[in-house]
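Undergrad: Numbering (the working numbering), first residue to last: 34 to 331.
Here it is in structure tokens:
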């Protein structure tokens, strides 16, 4: 991947139904060039699906990240066992048998049980955790038709409106109106299944220990801006150890080292611990089950 590929990926992760024309205009490319790059990224497996689901605020799950060393001598098997838990949606495997378990909890009371699952199934020792509990927010309700649309496009968010309508036996006007409403009111999340490890590039998770916990949140936009497009993700969760997790993309080790050394000079950062990650697995959760149920799918 190059910088343009990363920019395309970031924008598709923000809105997987964005038109290639809009991408082309934003990146000063031709529509054909954008199409070819997206096709290549798909063929390489860097993203497998254009995803559609309910927005984070619809069911208001507690987002949890559990990280730590696994004693498993067969990590892939341990990860598959973790994936059987309907709360876990992604597990990242990194060097030194480190794993990063991402989960959606129905409420915070499930946290201790999740940690116990990571200890038993993931064979994790003294796992660390961070979480984000969404604020109270009143959103308009989704209808059964909205859920039916979401269920149809969950693995193909770029499906043509006419194809969605045909699948559901409704008019294109109905589909277009409901999609527009869901986007406008923040009820739908349109993203991609991003698998950066499918490339030959280096993807590193940085554990950034901040010197002033009160400034953790303000670090996120400044790091994203300064190191774009290399910083492809930042997690600023409630963390007892005041850690910010940063996903870093670089073309080679030299570039990775240069950026890490530069981040270490930031007075807001007390320490930087890098872990190169080499694989990830994604899984369906209780949220997918709930969407199917409300769509009337058995």
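Yeah, the Cβ is synthetic: ideal placement off N, Cα and C, and Gly gets one too.
None of these values were measured; they are calculated from a predicted model.
I'd like the span of the beta strand (DSSP E) that includes residue 303, first residue to last.
TA: Taken as a continuous stretch (DSSP letters only), the beta strand (DSSP E) holding residue 303 covers 302-315.
Undergrad: Counting only runs of 4+ residues fully inside the segment 81-167, write out the alpha helix (DSSP H) ranges in chain order.
TA: Runs of the alpha helix (DSSP H) inside the segment 81-167: 89-92, 108-115, 144-153.
Undergrad: Can you give me the C-alpha to C-alpha distance between residue 200 and residue 67, rounded to a whole angstrom?
TA: Taking the straight line from one Cα to the other gives about 28 Å.
Undergrad: Relative to the C-alpha of residue 302, which candidate in 82, 247, 70, 103 has its C-alpha closest?
TA: Closest by alpha carbon: 247.
Undergrad: So, residue 186 versus residue 328, is the Cβ gap smaller than 8 Å?
TA: No, the pair does not count as a contact, with Cβ atoms beyond the cut-off.
Undergrad: Please state if the CB of residue 330 and the CB of residue 277 are separated by a distance shorter than 8 Å.
TA: No.
Undergrad: Can you name, in chain order, every residue of its own chain whose Cβ lies under 7 Å from the Cβ of residue 234, other than the five neighbours on each side?
TA: Hits under 7 Å: 34, 282, 283, 284.
Undergrad: Buried or exposed: residue 227, going by 16 or more other Cβ atoms within 10 Å of its Cβ?
TA: Residue 227 comes out buried.
Undergrad: Taking only beta-carbon atoms, is residue 101 less than 8 Å away from chain B?
TA: Within the model displayed, chain B is absent; a lone protein chain is all it includes.
Undergrad: Which runs of the alpha helix (DSSP H) spanning at least 4 residues fall entirely within the segment 265-299, listed in chain order?
TA: Taking only runs of at least 4 residues, the alpha helix (DSSP H) segments lying wholly in the segment 265-299 are 286-297.
Undergrad: Tell me the rounded alpha-carbon separation between residue 263 and residue 250.
TA: So the alpha carbons of these two residues sit roughly 19 Å apart.
Undergrad: Within its chain, find whatever has a CB closer than 8 Å to the CB of residue 156; leave out the 5 residues flanking it on each side and keep chain order.
TA: Correct list, in chain order: 103, 104, 105, 111.
Undergrad: Closer than 6 Å by C-beta to residue 222: which residues in its own chain qualify, once you throw out the five before and the five after it? Chain order, please.
TA: Cβ within range, chain order: 86, 88.
Undergrad: Give the DSSP-derived three-state secondary structure of residue 237 in the structure shown.
TA: Strand.
Undergrad: Residue 221 lies in the beta strand (DSSP E); which residues open and close that run?
TA: Per DSSP, residue 221 belongs to the beta strand (DSSP E) from 221-227.
Undergrad: Using DSSP's beta-bridge definition, name the partner residues of residue 242.
TA: Per DSSP, 276, 304.
Undergrad: Under the three-state reduction of DSSP, which class applies to residue 35: helix, strand or coil?
TA: Looking at residue 35 - three-state DSSP - the assignment turns out to be coil, as it is neither helix nor strand.
Undergrad: In terms of residues, what are the limits of the alpha helix (DSSP H) holding residue 215?
TA: Counting along the chain, the alpha helix (DSSP H) containing residue 215 begins and ends at 205-217.
Undergrad: Who are residue 61's beta bridge partners in DSSP?
TA: According to DSSP, which records beta bridges pairwise, residue 61 is partnered with nothing at all.
Undergrad: Rank 108, 310, 134 by C-alpha distance to the C-alpha of residue 148 and give the top, closest one.
TA: Among 108, 310, 134, the Cα nearest to that of residue 148 belongs to 134.
Undergrad: Does the count of Cβ pairs from the segment 292-300 and the segment 110-128 closer than 8 Å reach three?
TA: Too few Cβ pairs lie closer than 8 Å, so no.
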